[in-house]
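Reminder that position 215 of the sequence shown reads as 215 in the UniProt record's numbering, one-by-one numbering, no gaps.
Glycine residues also receive a C-beta, built at the ideal position from the N, C-alpha and C atoms.
Remember, predicted model here, so these are calculated numbers, not experimental data.
Following: one structure in structure tokens, then a few remarks.
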Amino acid sequence: MTTLFIADLHLQQDTPELTRAFLNYLEYRARSADALYIMGDLFESWIGDDAIGEFEQEIIDALRRFSASGRQLYIMHGNRDFLLGERFAELAGAMLIDDPAIMTIGNDTPVLLMHGDSLCTQDNEYMQFRAMTRDPQWQQKTLALPVKQRRQLADRMREGSGSANGSKSDEIMDVSQDAVENIMQQCHVRTLIHGHTHRPDVHDFCLQDDGVGKRYVLGDWQAGRDRGWEVRLDGTTLTLEHFSLSELSHH
């Protein structure tokens with residue numbers, strides 16, 4: 001059994017190279033996988049399942065081909081595409097999963113899966129924004145707006161987020177170690193996989209019960225640096241790997 005985990009592709013119409021790399025990833029690199037987890041921010045923005053254009057449809061069709069060949073496809077909301085809905089999941093042949101979610105490796109080893117933004121608890125401004133955008137009532141109101149207005153709102157949010165982040169320290173924008181340990185203790189896990197921070201690494205640390213915790217951080221995909229990231233689960237072994245986006249179709 002091979003399971004793959006990816007996050008933070010931030011696909012959008014303006015980045016055709018990245019889109020092509022993802023389509024190649026599904027067709028070539030992920031071909032041997034039994035399951036694929038996309039753990040947030042597949043899209044740079046998603047303004048509703050009723051606003052699917054040619055670009056979005058191309059991604060949906062590729063996901064559908066992948067899942068229709070008998071593989072499991074799971075998708076988690078990120079901080080950019082939190083309005084992905086059941087219609088999208090149905091069209092893509094995917095299952096939307098909660099954040100956080102727990103999966104089991106082997107017979108009995110639980111692994112915690114998160115997008116990662118809820119762990120950035122030192123960024124008070126962002127945590128308030130997150131609470132607002134994940135509120136079902138806010139989402140309902142937003143989805144009731146005309147598509148054009150939603151698109152403008154998404155553009156304003158992206159601009160606001162970009163300028164706000166420019167003035168924040170790296171430490172504030174990273175996950176809080178306390179938040180990491182707290183949720184791992186609550187969920188009774190020793191392994192966590194997440195994205196969001198764009199700081200790929202594997203961290204080992206001590207948990208309060210004297211166990212060793214392991215945190216796998218997925219990197220974002222960057223066409224400019226020709227690099228994509230995944231966590232690969234083969235049997236019961238997890239590894240963080242990077243690969244060349246431009247060479248995906250050659251394998």
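In chain order, what residues of the same chain lie with their CB nearer than 6 angstroms to the CB of residue i, ignoring the 5 residues before and after it?
i	result
R190	G211 and G213
L26	A62 and F66
V202	Y216 and L240
R158	none
Apart from the five residues just before and just after residue i, which ones in its own chain have a Cβ nearer than 8 angstroms to its Cβ?
i	result
E90	none
G162	none
R130	N79, D117 and S118
T236	I105, G106 and T109
R64	L91, A92 and G93
V147	I47, G48, D50 and A51
Taking C-beta to C-beta, are residue i and residue j nearer than 8 angstroms?
i	j	result
V111	I193	yes
G224	P200	no
G48	H115	no
W46	L84	yes
T133	M127	no
M76	A101	yes
R29	F243	yes
L135	K168	The question names Leu, but residue 135 is Asp in the sequence shown. Not a contact, by the Cβ cut-off of 8 angstroms.
R232	E241	yes
R150	A51	yes
Here's a check: name, in chain order, each residue in its chain whose Cβ is nearer than 7 angstroms to the Cβ of residue i, leaving out the five neighbours to either side.
i	result
R71	A33, D34, A35 and L36
V180	L119, L192 and R215
A164	E125
What residues are listed by DSSP as bridge partners for residue i?
i	result
D235	At residue 235 the sequence reads Gly, which differs from the Asp that was named. DSSP, once it has assigned bridges, lists no residue as partnering G235.
H203	R215
A35	T3 and Q72
H242	W229
T104	P110
M173	According to DSSP, M173 bridges with nothing at all.
I97	M76
F43	L11
Can you tell me which of the options puts its alpha carbon nearest to the alpha carbon of residue i?
i	options	result
W229	T236, G235 and W221	W221
I97	T104, L113, N107 and R87	L113
I59	Q12, G160 and M103	Q12
I38	F243, E181, A92 and Q139	A92
H198	T236, Y28 and L9	L9
M184	S167, F205, S169 and E241	F205
D14	L145, W138 and E56	E56
T3	E54, R227 and T104	T104
N182	E159, R158 and Q208	Q208
L42	S246, E125 and G195	G195
C187	E44, T109, E125 and E247	T109
L238	L245, V217 and E247	V217
Q139	S246, S69, F82 and R64	F82
D155	L145, E44 and P16	E44
P16	E54, M1 and R31	E54
M1	L245, D234 and S246	D234
Q) Counting pairs of Cβ atoms below 8 angstroms between the region 14 to 21 and the region 175 to 190, do you hit three or more? A) Short answer: they don't touch.
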